[in-house]
Amino acid sequence: MKLEKITKTSETSQRRHYDDACATAHALDLVGERWALLVMRELMLGPRRFSDLRASLPGISANVLTQRLEGLEAAGILVRRRLPPPAATQVYELTEWGYESEPIFQSLGRWAARSPAHDPSRPFSAVSLMLSLRTMLDARRADGLDARIGFRVGEETFLGHLAGGRIEISRAPLDAADLIFEGTAPAIAGAIYGGQPLEAMEEAGALRIEGDRALAARFTTLFPLPPKAGQPA
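Per the working numbering, the very first residue in the sequence shown carries number 60; after that it's consecutive.
Here it is, written out as structure tokens:
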């Protein structure tokens, strides 16, 4: 009898379901496991290989990543597919429904950025930086701008089109960019969110800027952070 009780308790804990009809509770059933949302975040700009995901999430083990990918696939949030030759490698990609979750990330990001305990000096990925730009852009400050902004972060390149008070960003070559920021994700974030002088960052070797420097100076002012909770707006 004791063994049966332990088994049932173990099975219940493994399910980790809230047994609650609220759609928010069901959402947590789907993506509430640790790392699940961050795996989705890393897929928000397109398909990635398993090794790409591991590199972007250095704190996750291969075993846990496998579990989260399997769980998200079973929930219909992502799919596995094999790229055609010459790549012929397996990638993971969000489904159309999976991509619909981006506003959730944006709302969570804006809300959590107000936390007095938020530490922006911790590591974060290139995709996290790109999504933050799509989230934090102030449309009024960007009014009248139509430009293509490139970002080179390690071996990854991203091209953003800033127009109509919005910025669309995707992985792409930088040939059409009017301006290119090159550096680590924290360094570029330091220029955009931290207000660090561009010239000083260049002299220190933390950042490289190619193209329209006047545009670079204005671009870094377009992403004001919200006030911390408890502080006046």
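Beta carbons are placed, not taken as given, at the ideal position from N, Cα and C, and that holds for glycine. Predicted, not measured: the structure shown is a model, and the values here were computed from it.
request  = Just list the beta strand (DSSP E) runs in the stretch 210 to 260, keeping only unbroken ones of 3 residues or longer that don't cross its boundaries, in chain order.
outcome  = 215 to 222, 225 to 230 and 238 to 242
key: Per-residue burial, L192 [other beta carbons within 10 Å of its own, 16 or more giving buried]   = In the sequence shown, residue 192 corresponds to position 133, counting from 1. Answer is buried; the Cβ neighbour count reaches 16.
ask   = Which class does A273 belong to by DSSP, given the choice of helix, strand or coil?
value = To locate residue 273, count along the sequence shown from 1; it is residue 214. Helix at A273.
ask   = Quick one: what does DSSP say Q290 is sitting in, helix, strand or coil?
value = For the purposes of this step, residue 290 is identified with residue 231 of the sequence shown, where counting begins at 1. Coil, per DSSP.
ask   = Which term fits L128, buried or exposed, when burial requires 16 or more other beta carbons within 10 angstroms of its beta carbon?
value = Residue 128 sits at position 69 when you count from the first residue of the sequence shown. Its Cβ being crowded by 16 or more others within 10 Å, L128 is buried.
key: CA-to-CA distance, G219 to G213, given in whole angstroms   = Looking up residue 213 in the sequence shown gives position 154. Looking up residue 219 in the sequence shown gives position 160. Those two C-alpha atoms are separated by around 17 Å.
request  = Would you kindly work out how many angstroms separate the C-alpha atoms of P256 and L142, rounded to a whole number?
outcome  = Counted from its first residue, the sequence shown places residue 256 at position 197. Counted from its first residue, the sequence shown places residue 142 at position 83. Cα to Cα, P256 sits roughly 42 Å from L142.
task = Identify, in the order they occur along the chain, each residue of the same chain with its Cβ nearer than 6 Å to the Cβ of L96, setting aside the five sequence neighbours on each side.
result = Here the question's residue 96 lines up with position 37 in the sequence shown. Same-chain partners within the cutoff: V90.
message = Within 8 Å, do at least three Cβ pairs link the stretch 227 to 242 to the stretch 198 to 216?
response = yes
According to DSSP, residues forming a beta bridge with R267 = For the purposes of this step, residue 267 is taken as the residue at position 208 of the sequence shown. Answer is E241.
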